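First comes the structure, then the notes that go with it.
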Amino acid sequence: MMVEREVAYRMFAREFNDSRFHLYSSSSPSDQDVYSPNFLISPTGLKVNRVLIVGVVTEVDRLSEQKGSERELWRARISDPTGAFTIYAGSYQPEASVFLSTIQVPSYVMVLGKVRSYEPGDGSVFVSLRPEEINYVDESIRDRWIVDTAEMTLDRLDEFGKFFAVNTGDGKLMDRILGSGVCESSAGGMCLSLDYYHKDAEYYDSLKDDVKKALCSIRASGNKTDDIDYEAEVQLIAEELDDGSGFEYIVFINKAISRNVPEKIADSKLKILLSKGHLYEPRAGIFKVIH
Numbered sequence: 001m002m003v004e005r006e007v008a009y010r011m012f013a014r015e016f017n018d019s020r021f022h023l024y025s026s027s028s029p030s031d032q033d034v035y036s037p038n039f040l041i042s043p044t045g046l047k048v049n050r051v052l053i054v055g056v057v058t059e060v061d062r063l064s065e066q067k068g069s070e071r072e073l074w075r076a077r078i079s080d081p082t083g084a085f086t087i088y089a090g091s092y093q094p095e096a097s098v099f100l101s102t103i104q105v106p107s108y109v110m111v112l113g114k115v116r117s118y119e120p121g122d123g124s125v126f127v128s129l130r131p132e133e134i135n136y137v138d139e140s141i142r143d144r145w146i147v148d149t150a151e152m153t154l155d156r157l158d159e160f161g162k163f164f165a166v167n168t169g170d171g172k173l174m175d176r177i178l179g180s181g182v183c184e185s186s187a188g189g190m191c192l193s194l195d196y197y198h199k200d201a202e203y204y205d206s207l208k209d210d211v212k213k214a215l216c217s218i219r220a221s222g223n224k225t226d227d228i229d230y231e232a233e234v235q236l237i238a239e240e241l242d243d244g245s246g247f248e249y250i251v252f253i254n255k256a257i258s259r260n261v262p263e264k265i266a267d268s269k270l271k272i273l274l275s276k277g278h279l280y281e282p283r284a285g286i287f288k289v290i291h
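Heads up: the sequence shown begins at 1 in the UniProt record's numbering, then just goes up one per residue.
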C-alpha cells in the first residue's frame, strides 16, 4: 500500500520546543498504527507531522535502548539561533544512526524528521524528532533555511497580530478569529492553538523578537561596517585560542583586550558568532570553534 507522506514544515527550535499539544488521528495513542499520522500543534497554529530543520550539531550521545541491549540509540542536539532540537535515531533509523555514530561535532546538518512527544505522567511534555534523512550542509544553506523559516513564521505571527488587535473576548473563538480578518486557511490551526495554549499577545511578540534576531544573525555577515572588523578579529582570536579543546571566556576577554577590542564589543561579537553557528558552548564558560 502506497502511503502519502505528510508535508515537512520549517519551524524554529523555540516554537518546536514550546509545542505541547499532540493531535492523534484516532481516539487515543494506543489505537495508532504505523501508517496513522499524528500531529503536533504549535503555538502559532502549525499542524505538523514532519519537520525540516537546519542547524549545528553540538552534542551527540550514544544511549542504550534497554538495559543490557546491544541495540544502539543515538541522541543529538541541533542548534539554530532560537534554541536547540533534540533528535533520536535507533534501530528503525539505521542510516541516521550510522550518520550520528561517525559525525564530527560541530557540523552543519539538515534533518528531515517526524515529530514525537513523550509525556512522563507529571504533566510535562517533551518533544523530539526521529530523523528520516540527515545530511551535511554548508553555512549558505543554513542561512537560506533561516530566511525561509523566518518568512513563514512571521506570516503566521501576523495572523495572530490581527486577532489580538481587535479581539473583544465575546462570542465563539472561531467566529472571533474569522471576524478579525484572519484567512480561513489559518483559522483552524489558530483556533486549536488559542484554545489549548491560552497564550497572550506578549508571548507572540517574544516569538517575533526571536525570529528577527535569527534574521539579524545572518544579515550581519553582509554588513561592511567597522563592526565587521571587530567580528572578524574576534573570530580570529577564537580560532587562535581553540587548540581543539576549546577556550575559557575569561581567557578570550583578556586576549581581546590585548588586541584593542573593548570588552563589551568582544562579548557582543562572541554572542553574534554563537548565534551564527561559528562557535558553540559545550559547557558554561567554555567555547569551541566550528570549522
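Every residue, glycine too, gets a C-beta built ideally from N, C-alpha and C.
Since the structure is predicted, the reported quantities are computational estimates derived from the model, not experimental observations.
Name the DSSP bridge partner or partners of residue i?
i	result
residue 47	41
residue 279	289
residue 23	39
residue 59	77
residue 218	BP columns for residue 218 are empty, so no partner.
residue 52	10 and 112
Over the uninterrupted beta strand (DSSP E) stretch that includes residue i, give me the two end residues.
i	result
residue 128	126 to 136
residue 113	107 to 118
residue 8	8 to 10
residue 150	Not the beta strand (DSSP E): residue 150 falls in the alpha helix (DSSP H), residues 139 to 166.
Are there 16 or more other CB atoms within 10 angstroms of the CB of residue i, so buried, or fewer, so exposed?
i	result
residue 104	exposed
residue 183	exposed
residue 126	exposed
residue 290	buried
residue 27	Because the pLDDT at residue 27 is just 46, under 50, the model does not fix this residue reliably, and the point stays unresolved.
residue 222	Residue confidence for residue 222 is low, a pLDDT of 48 falling below 50, so the modelled location carries little weight; the figure read from the coordinates is stated next. Under this definition residue 222 is an exposed residue.
residue 198	exposed
residue 257	exposed
residue 261	buried
residue 1	Per-residue confidence for residue 1 stands at a pLDDT of 41, beneath the threshold of 50, marking its modelled position as unreliable; the derived number appears in the next sentence. Classification of residue 1: exposed, given that the 10 Å Cβ count is below 16.
Hey, could you find the ends of the alpha helix (DSSP H) residue i is sitting in?
i	result
residue 83	That residue, residue 83, is in no alpha helix (DSSP H); its beta strand (DSSP E) goes 83 to 89.
residue 256	249 to 258
residue 183	Here residue 183 belongs to no alpha helix (DSSP H), and DSSP marks it neither H nor E.
residue 14	13 to 18
residue 284	Residue 284 -> no alpha helix (DSSP H), and no H or E assigned at all.
residue 98	94 to 102
Determine the contact status of residue i and residue j, defining contact as a CB-CB distance below 8 Å.
i	j	result
residue 129	residue 44	no
residue 83	residue 14	yes
residue 279	residue 238	yes
residue 41	residue 189	yes
residue 109	residue 136	yes
residue 253	residue 232	no
residue 9	residue 57	no
residue 12	residue 153	yes
residue 150	residue 215	yes
residue 115	residue 49	yes
residue 174	residue 165	no
residue 23	residue 39	yes
residue 119	residue 90	no
residue 230	residue 276	no
For the putative contact between residue i and residue j, defined by C-beta atoms under 8 Å, what is the C-beta separation to the nearest angstrom?
i	j	result
residue 234	residue 241	Not confirmed; about 11 Å, so no contact.
residue 286	residue 246	5 Å
residue 75	residue 92	Not confirmed; about 15 Å, so no contact.
residue 204	residue 160	5 Å
residue 142	residue 54	5 Å
residue 81	residue 217	5 Å
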